[in-house]
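In full-length UniProt numbering, the protein residues as written are 1 to 562.
Backbone N, C-alpha and C fix where the C-beta goes; we use that ideal spot for every residue, glycine too.
Take a look at the structure set out below.
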Amino acid sequence: MMHTRQPSMHLLLGALCLVLSFVAQAQQQPGRAAIASAHPAASVAGEETLAQGGNAFDAAVAISAALAVVEPYGSGLGGGGFFLLREAGETPAFRFIDARERAPLAADADLYRRDGKVQRELSLNGALAAAIPGLPAALVHLAERYGRLPLADSLAPAIRLARDGFTVDRVYRERATWRLAALRDDAESARLFLTDGEVPAERTLLRQPELAATLQRLAEAGHAGFYAGAMAKTLVEGVRAAGGIWQLDDLRQYQVVEREPLRVSLNEQRELISAPPPSAGGLAIAQSLLMLQELPWREAAPVQRTHYVVEALRRAYRDRGLLGDPDFVRNPTAQLLTPEHLHSLTRSIDPERATPSDQLEAAPGIHEGDHTTHFSVLDAQGNAVAATLSINLPFGAAFTVPGTGVLLNDEMDDFAADVEGANAYGLVGSHANAIAAGKRPLSSMSPTFIDSPEAFTSFGTPGGSRIPSMVLLSILAYLDEQPIEQWPAVARYHHQFRPDVIEHEPDTFSVEQRQALEARGYTLKALERTYGNQQVLRWNKRDNQVEAASDPRGIGTAVVTP
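Right, here's the structure in full:
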């Protein structure tokens, strides 16, 4: 009689553990991809790259490059940005790529001072306003270090968009109108971005063959295709001919920097992962959330909730002026996040009355342009990128280097050009953010994740100094368990310590709410238009659902794909 051998209990348990391990691993992968970006063409570029087998990092290259073509008012190869990364795995890794622009090596604290006074116009328009771009280096770094596809494959959609053209939309026309005089002042920018010196009509086809050639050069030669050789020489000669101070060494020395992201536990489950210095935004968001945790904001009526949020922002924005480029100054980030410091800030909040900013010991502040761009992307394996990119003001310095298609930034205006005085926005100067050779200016750009066993979420928006308050309000909508479509749509208000005023979108508050806030001692300023362009996504790990949403104020798209 033949006997069959039964598997041992040890083997059965081992097999069961292996199966459970595979199940757990599968549950930690969303199985679907999501993209939320500020322009439909950029979302399509990301989808195309994922469909070719790329991961979220390849898609981030494709989206960034496409935005550089179709949103010359928001970002570009002549600018820079921050990339927050999630690398999927049994224990996910979070990384932060600092591709912020650097001051030219010939820059100093008196670069924009003439006859003893700072001439701010010099840091806004023209070649002297341009810092050394970081975006091309970031695209190469992402592709080589984290991507699956060759750089050329990920850049292909952007090259096609630049060569074949894209149609002008209402957002392009609005931004070009704001910067029309500056664009007219530069012959190359006027040729590329205007029609006979005027803002192009809607649906005009705008082609950028020189930019296509520059992207192609980057695709073929990588970092050296932009920062060395003939391209570097053309850039430097073009900048210097127009009154700038770039040198070949500026480009030769430029490298992105990988920094430890700012990581803050919000409770036993949730962790905030955001931008560290030279961003001041991550700290402002973290401090505000931790202060609000000590306050009954969730159950508060609308006016009371606004009061708590504004007072938290007031104190967080006061602290942010202490920060600067970590390669040049010591940032007291850890001290500013200690429970003792945060308890002290929270205890100073009067639950019924506004705290005049003049009653708080002043810390210096910053000003920056508010026209950047943001996108979020998640792939089926759980890799993710949140990126905020900028050239500062719309169309940057409004100066394009002839023959390259590269529209340069005016990020030098993000430095404190006058550390003893105040800028046009009433924010006092910061020694930590003074101009220095090779230094990166402070920024509010705040790509942000919140991760927990329950869900992974991504937030980010353009908006200059208003970025942290916008991200905070979206995070509060998430914590309030509102539908994801509400996170970027939430009505916006903002306080940045100085000036001591609540700025808000036209329809944020009712007449009764305005009166109630004014009775508490607030000054309110209704803006003439909405602002920001938030792009968000969520992966619900419990039921493996993936969602994305794009700000209804913009023309962006959010897509979820198999």
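Per DSSP, the unbroken alpha helix (DSSP H) holding W178 starts and ends at R170 to W178. When DSSP assignments are scanned along the region 359-413, the uninterrupted stretches of beta strand (DSSP E) that are 3 or more residues long and fall wholly within it turn out to be 372-378 and 384-390. A41 sits close to L161, with the two beta carbons spaced by under 8 Å. Cβ contact annotation for S123 (same chain, cutoff 7 Å, sequence separation greater than five): Y112, A129, D410, M412, D413 and A417, in chain order. Around the CB of K233, fewer than 16 other CB atoms lie within 10 Å, so the residue is classed as exposed.
Within its own chain, the residues whose Cβ lies closer than 8 Å to the Cβ of N125, once the five positions on either side in sequence are excluded, are A182, D185, A397, A398, F399 and D410, listed in chain order.
L290 is positioned such that its CB atom lies no closer than 8 Å to that of R318. Beta-bridge partners of Y493 (DSSP): H504.
Bounds of the beta strand (DSSP E) holding S37 are A33 to S37. In the three-state reduction of the DSSP assignment, D196 falls in the coil class, being assigned neither a helical nor a strand state. DSSP places E87 in the uninterrupted beta strand (DSSP E) bounded by G80 to E87.
If you draw a 10 Å sphere on the C-beta of L205, you find fewer than 16 other C-beta atoms in it, and that means exposed. Leaving aside the five residues that flank D325 on each side, the residues in its chain whose CB is nearer than 6 Å to its CB run, in chain order, P278, K439 and R440. A127 sits away from A436, with the two beta carbons spaced by 8 Å or more.
Here the C-alpha atom of S265 lies approximately 15 Å from the C-alpha atom of T457. In the three-state DSSP reduction, V329 falls in the coil class, being neither helix nor strand. Look at F166 here: in three-state DSSP terms it is strand. Taken through DSSP and simplified to helix, strand or coil, I467 comes out as helix.
Taking one beta carbon from each stretch, the region 509-526 and the region 344-355 have 3 or more pairs nearer than 8 Å; the two touch. Taking C-beta separations shorter than 7 Å and ignoring five residues to either side along the sequence, the partners of E71 in its chain run A38, H39 and T373, following chain order.
Residue environment analysis places S376 among the buried positions, since at least 16 neighbouring C-beta atoms fall within 10 angstroms of its C-beta.
The residue from R259, E271, A275 and T346 with its alpha-carbon nearest to that of W297 is T346.
DSSP lists W539 as the bridge partner or partners of V546.
Under the rule that a run must span 4 or more residues, the alpha helix (DSSP H) segments found entirely inside the region 49-129 read 56-70.
Judged by DSSP in its simplified three-state form, S43 adopts helix.
Secondary-structure assignment with DSSP links D185 through no beta bridge to anything. Apart from sequence neighbours up to five positions away, the residues of its chain that approach T508 with a beta-carbon distance below 6 Å are A491 and Y493, ordered along the chain. For the 8 Å CB-CB criterion, G282 and T448 form a contact.
Judged by DSSP secondary structure, T557 falls within the beta strand (DSSP E) whose first and last residues are T557 to T561. For A284, there is no enclosing beta strand (DSSP E); the residue is part of the alpha helix (DSSP H) that begins and ends at G281 to Q293. In the displayed model, D451 falls within a strand according to three-state DSSP.
Judged by DSSP in its simplified three-state form, E144 adopts helix. DSSP, reduced to helix, strand and coil, places F415 outside both helices and strands of the structure shown, so it counts as coil. Between the beta-carbon of A284 and that of A316 there is about 4 Å, and that keeps the pair under the 8 Å contact cut. In the three-state DSSP reduction, R259 falls in the strand class (E or B). In this structure D551 does not touch A59 by the C-beta definition: roughly 20 Å separates them, more than the 8 Å allowed.
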